[in-house]
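Trainee:
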Amino acid sequence: MTVPVFIVGAGPTGLVLALCLERLGIPFRIIDKTLEPGTTSRALVLHARTLEFYRQLGIADAVIDAAQKFAAVNLWVRGKARARLQFGDMGATLSKYPYSLIFPQDQHERVLIDALQERGIRIERGMELTDIAFYDTSALCTMRTADGNTGHCEALYVAGCDGAHSIVRAKMNIGFPGGTYSHTWYVADVDMTGPLTNGEVHISMDRRDVLAIFPMKEPGTARLIGQSPLEWNGQQIAWEDVNVRLVRELQSDVGNVRWFSTYRVHHRVADTFRGQRAFLVGDAAHVHSPVGGQGMNTGIGDAVNLAWKLASVLRHESSDSLLDTYASERMTFARGLVKTTDAVFGMLNSRGFTAGIVRTAVIPTVLPALMRSSAARRIAFRILSQTAIHYRNSRLSEGRAGAIYAGDRLPWVTVKDSNDNFEPLNGMRRQVHVYGDVTVAVCALCNTREIPLYVFPWQRDMRRAGLVKNALYLVRPDGHIAFADPRGSADSLKNYLDRPERRDRQPQAGAAH
Numbered sequence: 213m214t215v216p217v218f219i220v221g222a223g224p225t226g227l228v229l230a231l232c233l234e235r236l237g238i239p240f241r242i243i244d245k246t247l248e249p250g251t252t253s254r255a256l257v258l259h260a261r262t263l264e265f266y267r268q269l270g271i272a273d274a275v276i277d278a279a280q281k282f283a284a285v286n287l288w289v290r291g292k293a294r295a296r297l298q299f300g301d302m303g304a305t306l307s308k309y310p311y312s313l314i315f316p317q318d319q320h321e322r323v324l325i326d327a328l329q330e331r332g333i334r335i336e337r338g339m340e341l342t343d344i345a346f347y348d349t350s351a352l353c354t355m356r357t358a359d360g361n362t363g364h365c366e367a368l369y370v371a372g373c374d375g376a377h378s379i380v381r382a383k384m385n386i387g388f389p390g391g392t393y394s395h396t397w398y399v400a401d402v403d404m405t406g407p408l409t410n411g412e413v414h415i416s417m418d419r420r421d422v423l424a425i426f427p428m429k430e431p432g433t434a435r436l437i438g439q440s441p442l443e444w445n446g447q448q449i450a451w452e453d454v455n456v457r458l459v460r461e462l463q464s465d466v467g468n469v470r471w472f473s474t475y476r477v478h479h480r481v482a483d484t485f486r487g488q489r490a491f492l493v494g495d496a497a498h499v500h501s502p503v504g505g506q507g508m509n510t511g512i513g514d515a516v517n518l519a520w521k522l523a524s525v526l527r528h529e530s531s532d533s534l535l536d537t538y539a540s541e542r543m544t545f546a547r548g549l550v551k552t553t554d555a556v557f558g559m560l561n562s563r564g565f566t567a568g569i570v571r572t573a574v575i576p577t578v579l580p581a582l583m584r585s586s587a588a589r590r591i592a593f594r595i596l597s598q599t600a601i602h603y604r605n606s607r608l609s610e611g612r613a614g615a616i617y618a619g620d621r622l623p624w625v626t627v628k629d630s631n632d633n634f635e636p637l638n639g640m641r642r643q644v645h646v647y648g649d650v651t652v653a654v655c656a657l658c659n660t661r662e663i664p665l666y667v668f669p670w671q672r673d674m675r676r677a678g679l680v681k682n683a684l685y686l687v688r689p690d691g692h693i694a695f696a697d698p699r700g701s702a703d704s705l706k707n708y709l710d711r712p713e714r715r716d717r718q719p720q721a722g723a724a725h
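Note that this note's numbering has the sequence shown beginning at 213, numbered continuously upward.
1. Find out if the Cβ-Cβ distance for the pair VAL217, ILE512 is shorter than 8 Å.
2. Out of curiosity, what's the CA-to-CA distance linking TRP451 and GLY332?
3. With the cut-off set at 8 Å, would you say ASN638 and TRP624 are in Cβ contact?
4. Identify which residue in MET302, LEU287, ALA304 has its Cα closest to the Cα of ARG296.
5. Quick check on the DSSP output: the alpha helix (DSSP H) that includes ALA260 runs from which residue to which?
6. Going along the chain, which residues of its own chain have a beta-carbon closer than 8 Å to the beta-carbon of PRO224, five neighbours each way excluded?
7. Mind pulling the beta strand (DSSP E) runs of 3 or more residues that sit fully within the stretch 588 to 655?
8. Compute the beta-carbon to beta-carbon distance between VAL275 and LEU258, rounded to the nearest angstrom, for a pair I have assumed lies under 8 Å.
9. Let's test the definition: count the other Cβ atoms within 10 Å of the Cβ of ARG183 and tell me whether it reaches 16, buried, or not, exposed.
10. At what residue ranges does the stretch 517 to 582 contain a whole run of the alpha helix (DSSP H), taking only runs of 4 or more?
11. For the beta strand (DSSP E) holding ASP403, just list the boundary residues, first then last.
12. What residue range does the alpha helix (DSSP H) around GLY226 cover?
13. Which ranges would you report for the alpha helix (DSSP H) in the stretch 423 to 505 if only whole runs of at least 4 residues count?
14. Nearest to VAL503 by alpha carbon, out of LEU231, LEU596, LEU341, ARG571?
15. What separation, rounded to the nearest whole angstrom, lies between the Cα atoms of LEU518 and TYR538?
16. Return the chain-ordered ranges of every beta strand (DSSP E) run that is complete within the stretch 662 to 707 and spans a minimum of 3 residues.
17. So what's ILE243 in DSSP terms, helix, strand or just coil?
18. Could you pull out every residue in the same chain whose Cβ sits closer than 6 Å to the Cβ of LEU686, ignoring the five residues on either side in sequence?
19. Which word fits ILE569, buried or exposed, when buried means at least 16 other C-beta atoms lie within 10 angstroms of its C-beta?
20. Taking its Cβ as the centre, do 16 or more other Cβ atoms sit within 10 Å of MET213, making it buried, or is it exposed?
21. Distance, Cα to Cα, VAL627 vs TYR647?
22. What number of angstroms, rounded off, separates the C-alpha of ARG457 from the C-alpha of ARG419?
23. Exposed or buried, ARG261, counting other C-beta atoms within 10 Å across all chains shown (16 or more means buried)?
24. Hey, is SER524 close to the ligand ADP, as in C-beta under 7 Å from one of its heavy atoms?
25. Applying the 10 Å Cβ sphere with the 16-neighbour rule, what's the burial state of PRO669?
26. By how many angstroms is the C-alpha of ALA351 removed from the C-alpha of TYR369?
27. If you pair each beta-carbon of the stretch 373 to 393 with each one of the stretch 428 to 437, do three or more pairs fall below 8 Å?
28. Assign HIS364 to buried or exposed, taking buried as 16 or more other Cβ atoms, counted over all protein chains shown, within 10 Å of its Cβ.
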């Protein structure tokens, strides 16, 4: 039997892709070469846009309950406190989740795995992909089990969620250009006492390096990320080589080191995210510096973008060409993200004189002043939270209504006698939104095309969010706007839906264009 989707890799990206496909009713298999889930924290930060996706999947509350809120960042220079930046609820008018979370990846994966198990989905562990043969209508995947046996699976589509050393990418012969930053960094999960265990993030900077301390939910535990000492660069280092700074400069003491590792930071983006009948998702497609905690959140965004498009094609609602927009939309963001994080991380990574001045004088002075501005806080939240991601240049996007362009994320607003305008997105269905009054013609068109229509009573705060009264917004299953018309015209919506590159092959209930 041919499986519709074969997922390689059961990290956060592969697990979210699996949850999305299950929600959309698409059968799949998911394998991972490891025998057990990860036990180290690795990726750490979850942003608002990811929580909005998790709400659609019904797991946001479980994640929030298990995680720690990212409340504030304290800046230290040469062992002295210089500034405190308040981050809690920074996006209060922009999202139901106006904050970020600190949630170690091993705990995060456990929530995702539990959600899959509750839905009757089993991860096939100890199963390693060794080869892919591509044909016109399917791909044949060859696997090796932990005991050395060989197996095969024929799939209509393959999703490579198998990390930076992706075997899927290698078998697709797709390049992974980029580079590796100089200097070695270390990461440690520790039990710690002292003034830096107050449940907030601490960043210590001097002219030599940077050390970040992230609180875990369990009291007295923390994640440390720092640059290795200069004299140890390129050599094997141990915890004892870096512990001195905590004791001497930051008056803290580590009682137990649960995990310690060193690594080099890479910045790479694959030449394409699609090849034949396979896709690269998450770290298999892009890796970059940890600045802003963007990496894992970006992979999860990849998974959601790909999932609804796969569902639409596999239901015979859209042509296979819809899947090309996964690569074009997500590659544009990934390349921009790598360029941005490159600039910031280059300054953090450098031990040059200018970079040292920026770390010890410019950042502690300028950043607190900026963060006192409500406008700057909104901009910072939108960038860090990934709620500013848009697909305005996608061929799926058309139209504009006021400040909102097709391709933008739907603005979040609260609604009287209801929760908010994101609640209808929980089913991951294409839908039409009207804020104000809707015409009979629009109602009739949505009924004929079997597109859910949601009409929200007009409120003044909707205008502040950028929405236009009586305008029509066709919203994709991932919460981005596909089509916007300020006149609320049924004819304009029909023309959009009937264009050959967007036309559905048959009437459908709530799938994507």
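We treat Cβ as the ideally placed atom computed from N, Cα and C, and that holds for glycine.
Mentor: Taking the structure as given:
1. Position 5 of the sequence shown, counted from the start, is the residue given in the question as residue 217. Position 300 of the sequence shown, counted from the start, is the residue given in the question as residue 512. No, the pair does not count as a contact, with Cβ atoms beyond the cut-off.
2. Counted from its first residue, the sequence shown places residue 451 at position 239. Counted from its first residue, the sequence shown places residue 332 at position 120. Going from the Cα of TRP451 to the Cα of GLY332 covers about 42 Å.
3. Within the sequence shown, residue 638 is the residue found at index 426, counting from 1. Within the sequence shown, residue 624 is the residue found at index 412, counting from 1. In this structure, TRP624 does not lie closer than 8 Å to ASN638 by Cβ.
4. What you label residue 296 is simply residue 84 of the sequence shown in a count that begins at 1. Nearest of MET302, LEU287, ALA304 to ARG296, Cα basis: LEU287.
5. The residue given as residue 260 occupies position 48 in the sequence shown. Here the alpha helix (DSSP H) through ALA260 covers 260 to 269.
6. As a first step, residue 224 is located in the sequence shown; it is residue number 12 there, counting from the start. Cβ neighbours of PRO224 beyond the five flanking positions: ALA255, GLN317, HIS320, GLU321, LEU324, GLY494, MET508, GLY511, ILE512.
7. 610 to 613, 643 to 647
8. As a working note, residue 275 is residue 63 in the sequence shown. As a working note, residue 258 is residue 46 in the sequence shown. Yes, VAL275 and LEU258 are in contact; Cβ-Cβ is about 7 Å, under 8 Å.
9. Because residue 183 is not part of the residues shown, which for the chain are 213 to 725, the question remains open.
10. 536 to 561, 565 to 569, 575 to 582
11. For the purposes of this step, residue 403 is taken as residue 191 along the sequence shown, with counting starting at 1. Residues 397 to 405.
12. Walking along the sequence shown from the start, residue 226 turns up at place 14. Unbroken alpha helix (DSSP H) run through GLY226: 224 to 236.
13. 455 to 461
14. By one-based count along the sequence shown, residue 503 stands at place 291. Taking only the C-alpha atoms, the option nearest VAL503 is LEU596.
15. Residue 518 sits at position 306 when you count from the first residue of the sequence shown. Residue 538 sits at position 326 when you count from the first residue of the sequence shown. Their Cα atoms are separated by approximately 6 Å.
16. 665 to 668, 684 to 687, 693 to 697
17. Position 31 of the sequence shown, counted from the first residue, corresponds to residue 243. ILE243 falls in the strand class under three-state DSSP.
18. As a position in the sequence shown, residue 686 is number 474, starting the count at 1. Excluding residues within five positions, the ones whose Cβ falls inside 6 Å are VAL644, ALA694, PHE695.
19. The count along the sequence shown starts at 1 and reaches residue 569 at position 357. Under this definition ILE569 is an exposed residue.
20. In the sequence shown, the residue the question calls residue 213 occupies position 1. Label assigned to MET213: exposed.
21. The residue given as residue 627 occupies position 415 in the sequence shown. The residue given as residue 647 occupies position 435 in the sequence shown. Straight-line Cα distance between these residues: approximately 10 Å.
22. Counting from 1 along the sequence shown, the entry for residue 457 is found at position 245. Counting from 1 along the sequence shown, the entry for residue 419 is found at position 207. Each residue's alpha carbon lies about 14 Å from the other.
23. Reading the sequence shown from its first residue, position 49 is the one you call residue 261. Flag for ARG261 reads buried.
24. Here there are no bound small molecules, and the ligand ADP is not part of this structure.
25. Along the sequence shown, one-based indexing puts residue 669 at 457. When all chains shown are included, PRO669 counts as exposed.
26. By 1-based counting over the sequence shown, the position of residue 369 is 157. By 1-based counting over the sequence shown, the position of residue 351 is 139. Whole-angstrom Cα-Cα distance: 7 Å.
27. no
28. In the sequence shown, counting from the first residue as 1, residue 364 sits at position 152. Exposed is the call here.
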